[in-house]
Amino acid sequence: MTHIEAYKSRIRTAAEAVHGLRSGAHMAMGMATAEPPALLGAIADMAENGAVEDLKLWYFHSMDHAGDTVLRPDLLGRIRPRCMFLSSIERKLLSTQQPGEKSPIEFVPVAFSDSPRLFEQDVSLDLFVTTVSPMDKHGWFTFGTSNDYSTTAARSAKKLVVEVNPNMPRVFGASLLHVSEVDAIVENSTPLTEVHPPEISAVDAKVAAIIADMIDDRSCLQMGIGALPGAVCALLHDRKDLGIHTELMTPALAGLIHCGAVTNQAKTTYRGFSVFTFAMGDREFYDFLDDNPAFHSAPVNIVNDPRHIAKNRNVVSVNATLQIDLGGACNSEHMMGRQYSGSGGQLDFVRGANASKGGKSIIACQSTARNGTVSRIVPRLDGPVTTPRNDTHIVVTEYGSVDLKGKSLIQRAEALIGLAHPKFRDQLANGL
């Protein structure tokens, strides 16, 4: 059978492709822009019609396609989310939870870098569904914007169903999937979910300026999600020979490639290539990714491995947090008594940058939250420790920066109080 014949023999409707999914099964879906809307819609229909109950759904970072289908409030219970990173979809669902009521979302703590091993060793997946780019003339799809855990989950699940979307970019790197590995194919041409950069506040602009001053020529960049990393990137267009080794590829980072600031020529690993494990952005950004040999997509257990990150010199990791205690420990995932997001890959890159020769791990936040009524620098964290105080390197707010390495607890507390909003400094000092 030729690969074209193999492709045609596997084409199904979405309903046909997921037929046979049983109650109590464990399934996973591609994350973020790789969510397959037709397949998720068919699974939601099965749950709505009572054809499936107690379906365990494993995933990171949901977006609108999942929110409109398998994560609909009326289906929770029949579909039981096992979420490893909460987005606005889950936060909205959790906001309806009443005191004493069982949570509609089961949060599973796991480092992003460890998620492939979770699917390979700890969770027996019955089904994996994801969106892929169209097959080439040799019989290969790519995982497009979503390599992350997808390349492992696809090959660990008992059944693999892909949704082929011509709008999914074809990417280079360790992202290939052969038609012979696929059990069923659904064709669906639909726009990818677009993520547009949030507006940069005046405070974010101040924080970004402080961070940008720390980034020298030939640095290797990792940028987290949100307005702040985009604001930092906008200030780096005059740098030379920057590199990219990042969990998330964004339009802001792509802009540094466009302008020539990124060449990747100073990197030790994947020299000449911008490395990432998943991507989110707008249509122009997806078009830039498509068939672009300057990018290298790899699984998250490789991209986020601190030992691998540290092989590059001058790694600069920029990530946000929600709270920092006076010892330097960071809570980046829990607020107002609830899980807000997840640990993601923050600690992976904190440790990778710390171990890099000349590296800088930067944790940044605005000094206050809730319209200035709450200090983000606190005596004690309200939630779990995402980045332990032993690992925290440089902390930045709009009031400056501090390098915590080599500082005692008293020195750390004094320095961090200096980064707090002035109206909270006396209160924090009195607690020492």
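For the sequence shown, this note's numbering gives the first residue as -3, with consecutive numbering after it.
Note that CB positions come from ideal geometry on N, CA and C, so glycine has one too.
In this text, all values refer to a predicted model and were calculated from it rather than measured experimentally.
| Item | Value |
| --- | --- |
| Continuous alpha helix (DSSP H) assignments of at least 4 residues falling wholly in the region 34 to 86 | 60 to 63 |
| Short Cβ contact (8 Å threshold) for residue 241 with residue 261 | no |
| Under 8 Å between C-beta atoms of residue 81 and residue 61 | no |
| Residue 232, DSSP secondary structure in three states | coil |
| Proximity below 8 Å, CB of residue 360 to CB of residue 181 | no |
| Euclidean distance between Cα positions of residue 381 and residue 35 | 37 Å |
| Identity of the residue in 87, 55 and 54 nearest residue 69 by Cα | 87 |
| When 399, 24 and 163 are compared against residue 324, the one with the closest alpha-carbon | 399 |
| Identity of the residue in 186, 246, 159 and 363 nearest residue 203 by Cα | 363 |
| N-terminal and C-terminal residue of the alpha helix (DSSP H) that residue 405 is part of | 405 to 413 |
| Span separating the alpha-carbon of residue 432 from that of residue 307 | With the chain covering -3 to 428 only, the question about residue 432 has no answer from this structure. |
| Own chain residues within Cβ distance below 8 Å of residue 210, not counting five before or after | 312, 356, 358, 390 and 397 |
| Three-state secondary structure assigned by DSSP to residue 313 | strand |
| Within the region 157 to 197, ranges of the beta strand (DSSP E) (whole runs, at least 3 residues) | 172 to 174 and 180 to 183 |
| Proximity winner among 50, 52, 27 and 49, relative to residue 59 (alpha-carbon distances) | 27 |
| Burial state of residue 84, where buried means 16 or more other Cβ atoms lie within 10 Å | exposed |
| Residue 108 (DSSP reduced to helix, strand or coil) | helix |
| Secondary structure of residue 327, DSSP reduced to three states | strand |
| Assigned exposure category for residue 92 - 16 Cβ within 10 Å defines buried | exposed |
| Nonlocal neighbours in the same chain, by C-beta distance under 8 Å from residue 2, ignoring five residues either side | 135, 175 and 176 |
| Beta-bridge pairing of residue 102 - partner residues as DSSP gives them | 78 |
| Residues that DSSP places opposite residue 272 in a beta bridge | 293 |
| Terminal residues of the alpha helix (DSSP H) in which residue 342 lies | 342 to 351 |
| Collapsed DSSP secondary structure at residue 202 in the structure displayed | helix |
| DSSP state of residue 139 mapped onto helix, strand, coil | coil |
| Start-end ranges of the beta strand (DSSP E) lying completely within the region 377 to 401, minimum 3 residues | 390 to 393 and 396 to 399 |
| For residue 23 and residue 148, the rounded distance between their alpha carbons | 13 Å |
| Simplified DSSP state of residue 320, which is helix, strand or coil | strand |
| Euclidean distance between Cα positions of residue 44 and residue 15 | 14 Å |
| Sheet register partners of residue 30 (DSSP bridge) | For residue 30, which the question treats as bridged, DSSP gives no partner whatsoever. |
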